[in-house]
Amino acid sequence: MTNDQVILNTANSRIILLCPFKPEFIPLIKDIPGRRWHPEHKAWSFENTLYNRNRVLDIFARFNMSVVMDEQTGKMAEDPIIKLKRELSSRKYSTPTMDSYVFYTKELLTFAKKPPEQLTSDDVKAFIEYLVNVKQYASSTVSLGINALRFFFFYVLHKEFIYDIPNVRRDKKLPVVLNSDEVTALIAACSNIKHKLLLMVIYSAGLRVSEAVRLRPEDIDSVRNMIHVKNAKGRKDRYTLLSDAVMHLLETYIKTVQPKTWLFPSYDHETHLSVRTAQKVMEHARDKAGIKKDATVHTLRHSFATHLLDQGSDIRHIQKLLGHANLKTTAIYTHVSDTSLSAIKSPLDRFLPASDFDTQGS
Numbered sequence: 001m002t003n004d005q006v007i008l009n010t011a012n013s014r015i016i017l018l019c020p021f022k023p024e025f026i027p028l029i030k031d032i033p034g035r036r037w038h039p040e041h042k043a044w045s046f047e048n049t050l051y052n053r054n055r056v057l058d059i060f061a062r063f064n065m066s067v068v069m070d071e072q073t074g075k076m077a078e079d080p081i082i083k084l085k086r087e088l089s090s091r092k093y094s095t096p097t098m099d100s101y102v103f104y105t106k107e108l109l110t111f112a113k114k115p116p117e118q119l120t121s122d123d124v125k126a127f128i129e130y131l132v133n134v135k136q137y138a139s140s141t142v143s144l145g146i147n148a149l150r151f152f153f154f155y156v157l158h159k160e161f162i163y164d165i166p167n168v169r170r171d172k173k174l175p176v177v178l179n180s181d182e183v184t185a186l187i188a189a190c191s192n193i194k195h196k197l198l199l200m201v202i203y204s205a206g207l208r209v210s211e212a213v214r215l216r217p218e219d220i221d222s223v224r225n226m227i228h229v230k231n232a233k234g235r236k237d238r239y240t241l242l243s244d245a246v247m248h249l250l251e252t253y254i255k256t257v258q259p260k261t262w263l264f265p266s267y268d269h270e271t272h273l274s275v276r277t278a279q280k281v282m283e284h285a286r287d288k289a290g291i292k293k294d295a296t297v298h299t300l301r302h303s304f305a306t307h308l309l310d311q312g313s314d315i316r317h318i319q320k321l322l323g324h325a326n327l328k329t330t331a332i333y334t335h336v337s338d339t340s341l342s343a344i345k346s347p348l349d350r351f352l353p354a355s356d357f358d359t360q361g362s
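full-length UniProt numbering puts the sequence shown at residues 1 to 362.
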């Protein structure tokens, strides 16, 4: 959609209007009966009547705007997954988010076993129930799936999404955290220098795995002892720590591997290491080190934050290093920090010291 173009989809029970934002449009659109604003899609919808169609056309005719009528109800003109990728890309969604949205859309189509244009609210509800009850996905994962399908329905199918699906309550689980001995054992279990450096970088800098695999050699600032994380979650850049231990191994690694485009290249050096490969590296090292905890590669990021809190680091500094937009997200680590718990004294010990029991007989 260009800046002077309006898309009007009239294929379903409600008209969907996609148009550029201009303040002068708002009061005219709000004057249409039954109008509804969808902030997550930045679009309006109205009851599909001839009166409403003409009202919308009249509004934009006043401003000499081009209106594209989309009345497609039969076979889709192009592969829906290709269109989904294009819509995501045009809105500058991050690569991990795009991959997730495509994954859940494909999963829905496989589950429903019907063409996209025939999907119903019952199909969506049944699929969400399948994710929750059969696949037993975490609430945050299910929520991501719902967001993916909402995007697919609105921008690809031009259908109003089923809004009566209840919000998934988030699990109140504390993150798994490795202690220092386990981190040491994990790193020692890696014989491959690239794999060892990868895990060390993720832990020592508190990186997301998607951030680590996309690092480039020029992102390493050895003078300031910093790592420049570019286009991270929320399309934000940030700086985080470059440890002395990592820098020492990195010097050897660069001489040995000689990375060019990517710090952690794939086998052919044309692309970066995949997230799945990094996950497998972690799983192999965890099992080899004999760690029984359900630790994933993201556990290293949790451990980084928790260990910084244990050392007495300011939580706002940790928030900045992790790239959290909200301090509440970082605050969860206060629940697993040894320092925050061990500093608390039981009220019993205030008036009944343990030494009182030393002289008592059995």
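Just so it is clear, CB atoms sit at the ideal spot from N, CA and C, and this is done for glycine as well.
Whole-angstrom Cβ separation of residue i and residue j, contact assumed at under 8 angstroms?
i    : j    : result
L300 : L199 : 7 angstroms
V56  : I15  : 7 angstroms
I227 : D219 : 6 angstroms
E211 : A232 : 6 angstroms
Q279 : V297 : 5 angstroms
V102 : I81  : 6 angstroms
T105 : F152 : 5 angstroms
P259 : P217 : 6 angstroms
L241 : L321 : 6 angstroms
Q319 : T330 : 4 angstroms
A112 : L119 : 6 angstroms
E251 : R150 : That belief does not hold up - the Cβ atoms of E251 and R150 are roughly 47 angstroms apart, past 8 angstroms.
Kindly say whether residue i, judged by its beta-carbon, lies nearer than 8 angstroms to any beta-carbon of chain B.
i    : result
K320 : You won't find chain B in this structure, because it holds only one protein chain.
Would you list the one or two residues that DSSP bridges to residue i?
i    : result
T299 : Beta-bridge pairing links T299 to no other residue.
E47  : R14
V223 : Paired residue(s): none; V223 is not in a bridge.
H38  : A43
L241 : M226
H272 : P265
By Cβ distance below 7 angstroms, which residues in the same chain neighbour residue i in space, the five residues on each side in sequence not counted?
i    : result
S214 : A quick correction: the sequence has Arg, not Ser, at residue 214. Same-chain partners within the cutoff: H272.
G206 : T240, R301, F304, A305, L321 and L322
L109 : P116
I187 : K196, L199 and M200
K83  : V156
Y137 : L131
K230 : D219 and D237
Does the beta-carbon distance from residue i to residue j come in below 8 angstroms?
i    : j    : result
K293 : L178 : yes
K196 : L249 : yes
L308 : R316 : no
N12  : N54  : no
R235 : K85  : no
L157 : E117 : yes
V132 : V142 : yes
A148 : S90  : no
V275 : V209 : yes
Y130 : I193 : no
I26  : N52  : no
V246 : V201 : yes
I29  : R36  : no
Determine the burial state of residue i: buried for a count of at least 16 other Cβ atoms within 10 Å of its Cβ, exposed for fewer.
i           : result
K159        : buried
P20         : exposed
M282        : buried
T261        : exposed
V223        : exposed
N64         : exposed
L18         : buried
E270        : exposed
S45         : buried
residue 397 : Outside the shown range of the chain (1 to 362) lies residue 397, about which nothing can therefore be said.
Y203        : buried
A285        : buried
A295        : buried
Excluding the 5 residues flanking residue i on each side, which residues of the same chain have their C-beta closer than 8 angstroms to its C-beta?
i           : result
G290        : A185
E24         : F63
H324        : T330
residue 366 : For the chain, the structure presents residues 1 to 362; residue 366 sits outside this window and is missing.
Near residue i, which residues of its chain fall below 6 angstroms by C-beta distance, leaving aside the five closest residues on each side in sequence?
i    : result
F60  : V6 and V67
H302 : P175 and V177
E182 : I291
P96  : S210
N225 : L242
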